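Take 91 as the starting number for the sequence shown in my numbering and just add one per residue. Glycine included, every Cβ here is placed at the ideal spot set by N, Cα and C. Quantities reported herein were computed from a predicted structural model and do not represent experimental measurements.
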Amino acid sequence: MYWSTHHKPVPLSEIGWINTTYLGSASLRCDPMLVWGTTVDMEEMAPFLEEQRNQQGSTLVTTAHVLIRAVTESLKQHPEVNRRVVGRKVFQYEGVNIVMPMLQTSTGEVDCVFMRNAENFSLDGVARYFWEAAREKALKTADERKRMKAGNTFKNRIINLGKRLRLSWMLHTCSLGFTAGNWLRAPTIWPWQQGLNHAGAFVNYLGFPGAPPLIAHKPASLPMNSYNIAVTMGPTEPRPVVLNDQVQVRKQASLFVRLDHRMVNGNQSAAFINTLRSYLAAPQTLVQENGYREQKRAA
């Protein structure tokens, strides 16, 4: 899947001196990152989800879907975060693109679901999109198991071995090419890179049983497979909180945000996180009756 950006890079005057310094430095062994950790008040989340479930004809909405909508709205309000670094230039995304991992409980594997132009989906539309993706993956897995049982075992082993060898050769070749391209620090973007592959906002929710401790990183050797921002939220737990000079037990969730320091600074990061926290603390603000153009899930 390819996600388009503006053809012209963002002017350096809009990026800032600190970010430009990191952007043009060739001595860094890894990309500079900003990592923020905070907590979010989740007292209103459970009543909001219960209200959504009681609505007639509504799709089952979970905290993960609310997190996706909150990240989408926050990126819309802070477009300086919704960008992509290529070489020594920064490009603005044309839309908000979301990547979220999904755990296959039957196999224990993790698959990523890609959502293009997430700003065009309502909260109910986001839930339908990801439930449909989970259903399609489950059907595909069941079909593969059925074929494996019906086919010849020795033949299937030979076919799988060939697939693994071919995939390993392709991965090593791509890794070598990306490493060379990043080392050269090419200042321009090639025509075939106009639609950047597998990048966007990585959203990870760890609030369900058996959630894998995924880590979204941005290796310099794989610039085409990196994420400009990663948002991870933990499970909701009762914790002591000081409110109105009194210690109260309230539902809280940990929130961690990692951003590329080559395109955003500390003030921009703090503004984005404050907006994200406000949406998660008051999820009813994410429900809009009009103004959304629903899209079907891309095949």
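query                                                                                                                                                     : result
Taking a contact to mean a Cβ-Cβ separation below 8 angstroms, would you say R329 touches L345 in this structure?                                         : no
With a threshold of 8 angstroms, are at least 3 pairs of Cβ atoms found where one atom belongs to the region 125-137 and the other to the region 345-360? : yes
If you check the beta carbons only, do V130 and L139 fall under 8 angstroms apart?                                                                        : no
Which first and last residues belong to the alpha helix (DSSP H) in which N357 is found?                                                                  : G356 to A371
Assign M205 to one of two classes, buried (16 or more other C-beta atoms within 10 Å of its C-beta) or exposed (fewer than that).                         : buried
Less than 8 angstroms between the beta carbons of V186 and E209, yes or no?                                                                               : yes
According to DSSP, is I158 part of a helix, a strand, or is it coil?                                                                                      : helix
Hey, how far is the Cα of N318 from the Cα of A291?                                                                                                       : 6 angstroms
Which partner residues does S103 have in the DSSP bridge list?                                                                                            : According to DSSP, S103 bridges with nothing at all.
Just how far apart, CA to CA, sit T95 and V180?                                                                                                           : 10 angstroms
Put E209 into one of helix, strand or coil per three-state DSSP.                                                                                          : helix
What residue does the beta strand (DSSP E) around P325 start on, and which one ends it?                                                                   : I319 to L333
Is the separation between the beta-carbon of R352 and that of N109 shorter than 8 angstroms?                                                              : yes
Mapping DSSP to helix, strand and coil, what is P191?                                                                                                     : strand
In three-state terms, what does DSSP make of F298?                                                                                                        : coil
Which of helix, strand or coil does DSSP assign to S115?                                                                                                  : coil
Does E433 pass the burial test, meaning 16 or more other C-beta atoms within 10 Å, or should it be called exposed?                                        : Within the shown structure, residues of the chain are numbered from 91 to 389, placing residue 433 beyond reach of any answer.
Kindly indicate the opening and closing residues of the alpha helix (DSSP H) around R340.                                                                 : Element bounds for R340: not the alpha helix (DSSP H) but the beta strand (DSSP E), Q336 to D350.
Less than 7 angstroms between C-beta atoms, sequence neighbours within five positions excluded: which residues of the same chain meet that for L376?      : V156, R159, A160, E163, L213 and Y369
Checking 8 angstroms against the spacing of the C-beta atoms, do V100 and Q182 come in under that value?                                                  : yes
Can you look up T149 in the DSSP assignment and give me helix, strand or coil?                                                                            : coil
So T111 and Y295 are in contact, right, with Cβ under 8 angstroms, and what is the actual spacing, rounded?                                               : Actually they do not touch by this definition, with Cβ atoms about 34 angstroms apart.
If you reduce the DSSP assignment to three classes, tell me which class M123 lands in.                                                                    : strand
Going straight from the alpha carbon of R340 to that of D121, what length do you get?                                                                     : 37 angstroms
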